[in-house]
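*Asks:*
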Amino acid sequence: MSLEHRELGQSGISVSCIGLGTVKFGRNQEVKYPSNFALPSDEEIVSLIDQAKSLGINLLDTAPAYGSSEQRLGRLLSDRKDWVICTKVGEEFVTGKSFYDYSATHIRKSVERSLLNLNTDYLDLVLIHSDGNDVAIIESTDCLEALSKLKERGLIRAIGMS
Numbered sequence: 000m001s002l003e004h005r006e007l008g009q010s011g012i013s014v015s016c017i018g019l020g021t022v023k024f025g026r027n028q029e030v031k032y033p034s035n036f037a038l039p040s041d042e043e044i045v046s047l048i049d050q051a052k053s054l055g056i057n058l059l060d061t062a063p064a065y066g067s068s069e070q071r072l073g074r075l076l077s078d079r080k081d082w083v084i085c086t087k088v089g090e091e092f093v094t095g096k097s098f099y100d101y102s103a104t105h106i107r108k109s110v111e112r113s114l115l116n117l118n119t120d121y122l123d124l125v126l127i128h129s130d131g132n133d134v135a136i137i138e139s140t141d142c143l144e145a146l147s148k149l150k151e152r153g154l155i156r157a158i159g160m161s
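According to numbering that gives the first Met the number 0, the sequence shown is numbered sequentially starting from 0.
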């Protein structure tokens with residue numbers, strides 16, 4: 000079985016119609032799930048990634064707010080070219096709490112850190128991790144401009160909002 004792949008807008012990026020979310024790879028505090036859970040072992044993550052790949056899934060969704068998810072993916076993911084990596088900017092999760100920063104400086108540092116954590120030289124898709132005030136983020140911050148500059152530099156292939 001292989002899932003259908005579709006072009007992401009006009010980006011030229013082909014993504015599976017279902018992606019693999021990775022919040023549970025790195026964060027089990029303050030997550031909106033009905034019950035507590037333990038983080039999976041590296042072996043369990045590799046097994047899940049392999050299973051996803053065998054089903055035709057090529058989209059991995061992560062974020063700095065997902066605890067150690069980016070670091071674990073960067074360490075465990077093989078065949079980078081086979082994956083569409085989506086991460087986010089704007090939300091951080093530190094000492095059990097989320098905070099938001101949409102300043103250009105923070106956005107740039109967040110992307111640079113994600114590149115390092117994910118062990119890659121480009122990100123396929125970077126989403127603005129919304130705090131619920133989407134219009135204000137776009138109109139009142141320089142977040143989108145900062146992401147556009149990073150895209151011009153070839154560090155990001157596509158930009159969106161979550």
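Heads up, the beta-carbon is just placed ideally off N, CA and C, and yes, glycines get one too.
Small disclaimer: the values here were computed from a predicted structure and weren't measured.
Among the candidates Glu111, Gly66, Arg156, Ala145, whose CA atom is the shortest distance from the CA of Ile84?
*Replies:* Arg156
*Asks:* Ignore the nearest five residues each way along the sequence and tell me which others in Val30's own chain have a CB closer than 7 angstroms to its CB.
*Replies:* So the list reads Val22, once near-sequence residues are dropped.
*Asks:* Please report the distance separating the alpha-carbon of Leu59 from that of Leu2.
*Replies:* 14 angstroms
*Asks:* Mapping the DSSP letters down to three states, classify Lys31 as helix, strand or coil.
*Replies:* coil
*Asks:* Give me the DSSP bridge partner(s) of Tyr99.
*Replies:* Glu90
*Asks:* Could you spell out where the beta strand (DSSP E) holding Ile12 opens and where it closes?
*Replies:* Note, Ile12: premise wrong, no beta strand (DSSP E); not H, not E.
*Asks:* With a 10 Å radius around its C-beta and 16 neighbouring C-beta atoms as the bar for buried, classify Tyr101 as buried or exposed.
*Replies:* It counts as buried.
*Asks:* Could you please give me the residues that DSSP links to Ile127 through a beta bridge?
*Replies:* Val88, Met160
*Asks:* Looking at the structure shown, is Leu117 part of a helix, part of a strand, or coil, going by DSSP?
*Replies:* Three-state result, Leu117: coil.
*Asks:* Taking the alpha-carbon positions, what's the Phe24 to Glu144 distance?
*Replies:* Taken atom to atom, the span from the alpha-carbon of Phe24 to that of Glu144 is near 30 angstroms.
*Asks:* Using the rule of at least 16 other Cβ atoms within 10 Å of the residue's Cβ for burial, across every protein chain shown, is Lys96 buried or exposed?
*Replies:* Exposed, by the Cβ-count rule.
*Asks:* Rounded to whole angstroms, what's the CA-CA distance from Gly153 to Asp41? Just pull it up for me.
*Replies:* If you draw a straight line from the Cα of Gly153 to the Cα of Asp41, it comes to about 30 angstroms.
*Asks:* For the ligand FMN, is there a heavy atom less than 7 angstroms away from the beta-carbon of Gly66?
*Replies:* In terms of ligand content, the structure shown is empty, and the ligand FMN therefore cannot be addressed.
*Asks:* What would DSSP say about Leu60, mapped onto helix, strand or coil?
*Replies:* The residue you asked about is not Leu; residue 60 is Asp in the sequence shown. Of the three classes helix, strand and coil, the one that applies to Asp60 here is strand, per DSSP.
*Asks:* Locate the alpha helix (DSSP H) running through Glu228, then write down its first and last residues.
*Replies:* Look at the range of the chain in this structure, 0 to 161, and you will see that residue 228 is not part of it.
*Asks:* Which class does Leu47 belong to by DSSP, given the choice of helix, strand or coil?
*Replies:* Collapsing the DSSP output to three states places Leu47 in a helix.
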